[in-house]
Amino acid sequence: MSASQDEARCAEAKPLLHALADDELDAANTLRCEAHLTRCGGCATEFATILAMRNALRCDGVAYRAPDRLRLSVLAAVEAEALGRKSQGTASAWLAWLRHRLAAMAAAPRRWSWWQGARLPALALATGLAAALLVVTPRPSGQDGEPVPNLRQEVVAGHIRSLLTAGHLTDVGSSDHHTVKPWFAGRLDFSPPVPDLAGAGFPLVGGRLDYLDGRPVAALVYRRRAHVINVFVWPESAPATSESPRKAAGGARHDSGHAVLHWRQGGMEVWAVSDLNAAELGDFARLFESGSTTPAAPQ
Numbered sequence: 458m459s460a461s462q463d464e465a466r467c468a469e470a471k472p473l474l475h476a477l478a479d480d481e482l483d484a485a486n487t488l489r490c491e492a493h494l495t496r497c498g499g500c501a502t503e504f505a506t507i508l509a510m511r512n513a514l515r516c517d518g519v520a521y522r523a524p525d526r527l528r529l530s531v532l533a534a535v536e537a538e539a540l541g542r543k544s545q546g547t548a549s550a551w552l553a554w555l556r557h558r559l560a561a562m563a564a565a566p567r568r569w570s571w572w573q574g575a576r577l578p579a580l581a582l583a584t585g586l587a588a589a590l591l592v593v594t595p596r597p598s599g600q601d602g603e604p605v606p607n608l609r610q611e612v613v614a615g616h617i618r619s620l621l622t623a624g625h626l627t628d629v630g631s632s633d634h635h636t637v638k639p640w641f642a643g644r645l646d647f648s649p650p651v652p653d654l655a656g657a658g659f660p661l662v663g664g665r666l667d668y669l670d671g672r673p674v675a676a677l678v679y680r681r682r683a684h685v686i687n688v689f690v691w692p693e694s695a696p697a698t699s700e701s702p703r704k705a706a707g708g709a710r711h712d713s714g715h716a717v718l719h720w721r722q723g724g725m726e727v728w729a730v731s732d733l734n735a736a737e738l739g740d741f742a743r744l745f746e747s748g749s750t751t752p753a754a755p756q
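Okay, so the sequence shown: first residue is 458 according to this note's numbering, each after it adds one.
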């Protein structure tokens with residue numbers, strides 16, 4: 458084989474060595490690269506260096522999982538003010554795609570390989586470009602301090618996101634409120650109420666961190682039969698003169714087929730959202746607010 462042919466084969470093989478190390482090549486290219494490595498000492502040495510670097514990066518103490526707060530900050534930056542802006546469908550579609558990609562990468566238990574790390578700057582740049590398409594405006598309050606519809610849409614979107622994003626319904630899965638409530642200590646600057654309502658037919662599933670209204674919040678997850686109930690809790694931005702009633706009369710507002718209730722208790726904003734019927738969500742809200750385990754109507 459001539460020197461020019463050897464150089465041509467090396468030029469073809471070298472760009473594929475990293476992919477070969479990460480088992481990302483198709484069968485034909487894998488066989489072609491492996492055959493070349495048996496004949497080319499230079500490429501074989503370079504491939505061995507790549508494998509050594511990959512193994513070193515996977516050693517204990519080197520791989521690092523990003524903390525939950527960083528994940529929440531990234532997701533918040535990606536989707537800030539995008540919800541409810543239907544006129545900016547292109548930007549919202551980009552943000553939705555980036556949000557799910559970043560969420561999947563942040564939540565994945567596997568350690569990141571070199572190529573995943575290399576993609577982060579590109580994702581960050583794309584996030585910035587998409588976010589730049591959005592017009593960010595302050596969120597006003599409605600009459601009597603009632604949140605405007607955009608926040609209600611954020612709550613519904615947070616509920617849907619928890620159901621669609623793999624592994625993100627709960628960060629701590631437990632039916633024991635003595636396990637779930639302490640889990641938030643050190644992760645949030647407040648302690649959310651976590652009543653045990655299993656005796657009333659609303660068992661606790663767990664909890665997680667989420668991001669709403671421009672801040673990290675507690676998300677508590679309950680069930681009613683096959684229905685998931687997300688309860689979002691965070692401190693009031695301004696003290697209320699009195700505890701606000703649940704909204705709205707006779708049941709919950711509906712958004713995208715979901716029942717939504719909002720009230721304030723103990724200095725906290727509380728939002729409950731589910732595809733459960735409005736009457737049963739109202740029962741749940743009354744039990745949550747009182748901390749009572751009085752059985753609800755038969756299931």
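For every residue, glycine included, the Cβ atom is placed at its ideal position computed from N, Cα and C. Owing to the predicted nature of the structure, the values given are computational and were not obtained by experimental measurement.
query: Candidates Pro673, Pro660, Ala657 and Ala655: which alpha carbon is nearest Pro649's?; result: Pro673
query: Using only the alpha-carbon positions, how far apart do Gly643 and Glu726 sit?; result: 20 Å
query: Let's see if you can read the secondary structure: which residues bound the beta strand (DSSP E) around Ser731?; result: Met725 to Ser731
query: In whole angstroms, what separates the C-alpha of Val730 from that of Thr636?; result: 23 Å
query: Applying the criterion that 16 or more other CB atoms from any shown protein chain within 10 Å of the CB defines a buried residue, is Glu469 buried or exposed?; result: exposed
query: Does DSSP classify His475 as helix, strand or coil?; result: helix
query: Beta carbon of Leu669, beta carbon of Gly615: below 9 Å?; result: yes
query: Please state whether DSSP places Pro639 in a helix, a strand or coil.; result: helix
query: Could you check where the beta strand (DSSP E) with Leu666 kicks off and where it finishes?; result: Leu661 to Leu669
query: According to DSSP, what are the bridge partners of Leu718?; result: Ala729
query: Applying the 10 Å Cβ sphere with the 16-neighbour rule, what's the burial state of Asn457?; result: Limits of the chain in this structure are 458 at one end and 756 at the other, which puts residue 457 out of reach.
query: If you draw a straight line from the C-alpha of Gly541 to the C-alpha of Gly671, how long is it?; result: With a pLDDT of only 47 at Gly541, under 50, the local geometry of the prediction cannot be trusted, and the value read off the model is given with reservation. Their Cα atoms are separated by approximately 15 Å.
query: Identify whether His684 lies in helix, strand or coil by the three-state DSSP scheme.; result: strand
query: Quick one: grab the DSSP three-state call for Gly630.; result: strand
query: How is the alpha helix (DSSP H) around Ser747 delimited, first residue to last?; result: Ala735 to Ser747
query: In the structure shown, what three-state DSSP assignment does Val690 receive?; result: strand
query: I think Ser619 touches Leu626, with their Cβ atoms under 8 Å apart; what is that distance to the nearest whole Å?; result: 5 Å
query: Looking at the structure shown, is Ala465 part of a helix, part of a strand, or coil, going by DSSP?; result: helix
query: State yes or no: is the C-beta of Arg721 within less than 9 Å of the C-beta of Glu693?; result: yes
query: Specify, as a first and last residue, the run of the alpha helix (DSSP H) that Glu481 falls within.; result: Premise fails: Glu481 is in no alpha helix (DSSP H) and is neither H nor E.
query: Whose C-beta lies closer than 6 Å to the C-beta of Leu744 among residues of the same chain, with five residues either side of it excluded?; result: Leu654 and Ala657
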